[in-house]
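Novice: Structure below; questions to follow.
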Amino acid sequence: MAFTHHIPYVGHSSFFKGLIMLNAKTLRRYPAVLFTSLSALAWQSTASANSLAMDETFSLSAGGYHVFRADTTVSLVSRNAGAGAVIRPADTLGLDLENTVLKVNGRYRFSPSSQVVVSWFKVDSEAKRNLQSDVDWVAPNGDEITLSQGSRVASSMDYEISKASYFYSFYHNEKVELMAGGGLHVSRFAIDIDVLATPGGGASSQQTENAATTIPLPTLGFGLNYRVTPRLHWYLRGEGFYLEFDDWKGLFTDLEVGAEYRLWKGLSVGAGLATNNLTVTETTSRYKFRYDNRLSGAHTYLAWTY
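Taking our numbering, the leading residue of the sequence shown gets 127, the next gets one more, and so forth.
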């Protein structure tokens with residue numbers, strides 16, 4: 127195989143001439159060397175182009191979610207007489223949701239453009255307090271109940287969120303990933319009030335009063351990943367939906383922004399700010415129940431990826 131294009135070189139040193147002649151002879155004698163070299167270069171370029179941002183197959187993170195603001199209102203009103211209560215559990219019962227709880231997130235990417243994301247956390251509180259005023263309550267069967275001022279009560283409240291979503295990456299390169307999708311958000315809320323003693327200090331015959339509901343809501347969401355350096359990226363996630371069905375109305379929004387830094391292969395540390403809002407209304411022939419909850423917090427975690 128003859129070369130008609132001469133390779134340029136600097137100077138007229140016999141050393142450079144000999145080196146070029148040697149390389150030309152080598153390529154004429156071993157054409158496979160040229161083919162292999164070009165193939166390796168092409169493979170390296172392709173691999174570089176396919177190095178997508180945040181493209182790990184699997185990720186599992188666990189850490190603390192510190193709720194620094196919790197605003198909760200519970201309303202339970204009789205449909206017949208209009209009696210009932212609108213209470214703020216923190217003020218009326220001493221229930222404080224502003225604490226640090228475990229939050230777990232998981233992600234599985236089964237193709238470069240498709241992934242499933244799951245999340246779970248639970249906030250709860252318990253308290254004992256003497257009621258500062260009468261509290262009107264409605265039992266699940268519609269009976270109206272009054273918890274008298276001065277009664278000693280023990281109460282608890284649970285708020286649990288589980289989510290599972292599918293996201294499709296419609297734009298994904300080595301720096302940026304944009305995605306959209308949908309899934310299912312399941313919220314469970316429960317509040318229990320147990321009267322321990324009457325205002326005079328005697329034992330109470332009242333049974334434990336409670337309100338509990340579990341509501342699934344479909345969600346629509348979006349996400350953004352941006353690689354700042356090979357080790358550092360920041361992210362934005364948002365989900366929300368509104369739905370009415372049967373006796374229920376539900377509105378849900380969830381937003382988180384944060385950053386994640388890879389300490390070494392397979393292990394990262396991250397931090398973010400999140401806000402979660404939920405409004406649920408149940409209207410039956412006996413009562414109307416409404417739950418409004420807003421949580422804002424800081425999320426710090428460790429993530430394992432491969």
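Quick reminder that beta carbons are idealized off the backbone N, C-alpha and C, glycines included.
Could you give the DSSP three-state label for Pro325: helix, strand or coil?
Specialist: coil
Novice: Do Met283 and Lys295 count as a contact pair if the criterion is CB distance below 7 angstroms?
Specialist: Checking the displayed sequence, the identity of residue 295 turns out to be Ser instead of Lys. No. Outside cutoff.
Novice: Are the beta-carbon atoms of Gly364 and Phe348 separated by less than 7 angstroms?
Specialist: For the 7 angstroms CB-CB criterion, Gly364 and Phe348 form a contact.
Novice: Could you tell me how far apart the beta carbons of Lys248 and Glu286 are, in whole angstroms, since I believe they sit closer than 8 angstroms?
Specialist: 4 angstroms
Novice: Are the segment 307 to 318 and the segment 257 to 265 in contact at 8 angstroms, needing three or more beta carbon pairs?
Specialist: no
Novice: In this structure, how does DSSP classify Asp217 when only helix, strand and coil are distinguished?
Specialist: helix
Novice: Can you tell me whether Met180 is helix, strand or coil according to DSSP?
Specialist: Assignment of Met180 by DSSP, reduced to helix, strand and coil, places it in the coil class.
Novice: Nearest by alpha-carbon distance to Val321: which of Ala280, Gly190, Val244 is it?
Specialist: Ala280
Novice: Mark Ser291 as exposed unless 16 or more other C-beta atoms lie within 10 angstroms of its C-beta, in which case mark it buried.
Specialist: buried
Novice: May I ask which residues mark the beginning and end of the beta strand (DSSP E) holding Tyr417?
Specialist: Segment 413 to 431, the beta strand (DSSP E) holding Tyr417.
Novice: Using the Cβ count rule (16 or more neighbours within 10 Å means buried), how would you classify Leu421?
Specialist: buried
Novice: Do Asn231 and Ser245 have their CB atoms nearer than 7 angstroms?
Specialist: yes
Novice: For Thr431, which residues from the same chain have a beta carbon less than 7 angstroms from its beta carbon, with the 5 sequence-adjacent residues on both sides left out?
Specialist: Only Glu182, Phe184, Ser185, Gly392, Ser394 meet the Cβ criterion.
Novice: Judging by CA-CA distance, which residue of Phe415, Asp197, Leu389, Gly276 is the nearest neighbour of Leu428?
Specialist: Of the listed residues, the one whose Cα sits closest to Leu428 is Leu389.
Novice: Count the other CB atoms within 10 Å of the CB of Gln275; is the residue buried (16 or more) or exposed (fewer)?
Specialist: Around the beta-carbon of Gln275, fewer than 16 other beta-carbon atoms lie within 10 Å, marking it exposed.
Novice: Can you tell me where the beta strand (DSSP E) with Val406 in it begins and where it stops?
Specialist: 393 to 409
Novice: DSSP state of Glu303, grouped into three classes?
Specialist: strand
Novice: Name the one or two DSSP bridge partners that Pro342 has.
Specialist: In the DSSP assignment, the residues bridged to Pro342 are Val312.
Novice: Based on the DSSP secondary-structure assignment, which residues constitute the bridge partners of Gly189?
Specialist: Paired residues: Lys229, Tyr427.
Novice: Assign Asp197 to one of three DSSP states: helix, strand, or coil.
Specialist: In the three-state reduction of the DSSP assignment, Asp197 falls in the strand class.
Novice: Please report the residue range of the beta strand (DSSP E) in which Leu389 lies.
Specialist: DSSP places Leu389 in the uninterrupted beta strand (DSSP E) bounded by 374 to 390.
Novice: Rounded to whole angstroms, what is the Cα-Cα separation between Lys375 and Thr410?
Specialist: 12 angstroms
Novice: Span of the beta strand (DSSP E) holding Arg363?
Specialist: Its beta strand (DSSP E) spans residues 358 to 371.
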